[in-house]
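Worksheet: the structure to be examined is printed underneath.
Numbering (our numbering), first residue to last: 2 to 326.
Written as structure tokens, this is what we have:
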């Protein structure tokens, strides 16, 4: 049995935490904080808006999002996970305010950092800057740490950067939006990172069997982010809104608060579906240890995401970040 690397959190003390899912925090949270700060200090220039946003994002006294969402991951691998995802988060804070075509161009330039054949390419676009070199260094560190499983993970990361925000479609219904939103929220790459950092290997049959459960929790993660982040995103100036709240407002002719309440109900329904699917998976004969660990890891990811979103100043006091109070 794998060692327990995390500690249980009592979620009953947070009224806005509405999920039934468990929450734990990594025992090496201080190391995770150091990796996060390293990415911020390297990738976000001193005095820049993105550095201010990153520092505010990680001012949550209830815990670092990586320590909460990926609490059973090997710490050496998790440090690379943190650096890569924080880099992308910083980049997203910049590119989401660019015109769509410019944002796509800079995503393509950042992708080059995943490929050795572009290591001599000095193009850093309009906003990429040192993040491209930081991606290269993380790539090499990950390959040195795990040369066998890292190439597949880099492929998933490359696909995410290629597809991220690549649609300018104005979605009309939540049913149209969700298949786009789940991978756009980084769920596919984060779940792959989790398998990599927990040394989880599933057979092709197991991957197929768990997919519906995996994707149900992906919907929970994506929509939970929308539910809480709308308090911040409604203040942003952008030519593309990617959030379920305004979509539901338009789809059902609702006011903002009623749309958020409806969204919460949709999230709870998805959690119930995921719980039923988990029970079906656990009823399978000879369920492997890696399947059990992955099921638990996905629930901890989703629960940690809700807990962090319910407590972080980024979503709950966005006016402070914007300098409005």
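We treat Cβ as the ideally placed atom computed from N, Cα and C, and that holds for glycine.
request  = Kindly provide the ranges of any alpha helix (DSSP H) runs that are 4 or more residues long and lie completely inside the region 41-89, ordered along the chain.
outcome  = Annotation note: the region 41-89 contains the following uninterrupted alpha helix (DSSP H) runs of length 4 or greater, listed N- to C-terminal: 50-58, 66-70.
query = DSSP puts residue 91 in a beta bridge; with which residues?
reply = Looking at the DSSP output, residue 91 sits in no beta bridge, so it has no partner there.
ask   = Considering only residues of the same chain and omitting the five flanking positions on each side of residue 169, which have a CB-CB separation below 6 angstroms?
value = Taken in chain order, the residues that qualify are 101.
ask   = How big is the Cα-Cα spacing for residue 273 and residue 218?
value = Put simply, the backbone Cα of residue 273 is about 10 angstroms away from that of residue 218.
ask   = Closest by CA to residue 28, which one among 15, 36, 9?
value = Comparing Cα positions, the closest option is 9.
task = Identify whether residue 131 lies in helix, strand or coil by the three-state DSSP scheme.
result = Reduced to three states, the DSSP call for residue 131 is coil.
ask   = According to the Cβ coordinates, are residue 198 and residue 72 closer than 8 angstroms?
value = Cβ distance not < 8 angstroms, so residue 198 and residue 72 don't count as in contact.
Cβ neighbours of residue 193 in the same chain (closer than 7 angstroms, five flanking residues each side left out) = Contacts found: 154, 157.
request  = Mind listing, in chain order, the continuous beta strand (DSSP E) runs of no fewer than 3 residues lying wholly within the region 162-190?
outcome  = Within the region 162-190, there are no complete beta strand (DSSP E) runs of at least 3 residues.
query = Would you say residue 252 and residue 133 are within 8 angstroms of each other, going by their C-beta atoms?
reply = With respect to the 8 angstroms criterion, residue 252 and residue 133 are not classified as neighbours on the basis of their beta carbons.
ask   = CB-CB under 6 angstroms to residue 34, same chain, minus the five flanking residues each way: which ones, in chain order?
value = Counting only Cβ-Cβ distances below 6 angstroms, and skipping sequence neighbours, we find 65.
ask   = residue 25 bridges to which residues according to DSSP?
value = In DSSP, residue 25 forms a bridge with 9.
ask   = Are residue 115 and residue 140 closer than 8 angstroms when you measure CB to CB?
value = Yes, the Cβ-Cβ distance between residue 115 and residue 140 is below 8 angstroms.
task = Give every residue of the same chain whose Cβ lies closer than 7 angstroms to the Cβ of residue 229, excluding the five residues on either side of it in the sequence, and list them in chain order.
result = Excluding sequence positions up to five before and after residue 229, its CB lies within less than 7 angstroms of the CB of 310, 311, 316, all in the same chain and listed in chain order.
query = CA-CA distance, residue 43 and residue 231?
reply = Each residue's alpha carbon lies about 28 angstroms from the other.
task = Give a yes or no on contact between the region 11-30 and the region 55-65, applying the rule of three or more CB pairs nearer than 8 angstroms.
result = The region 55-65 and the region 11-30 touch, with three or more beta-carbon pairs separated by less than 8 angstroms.
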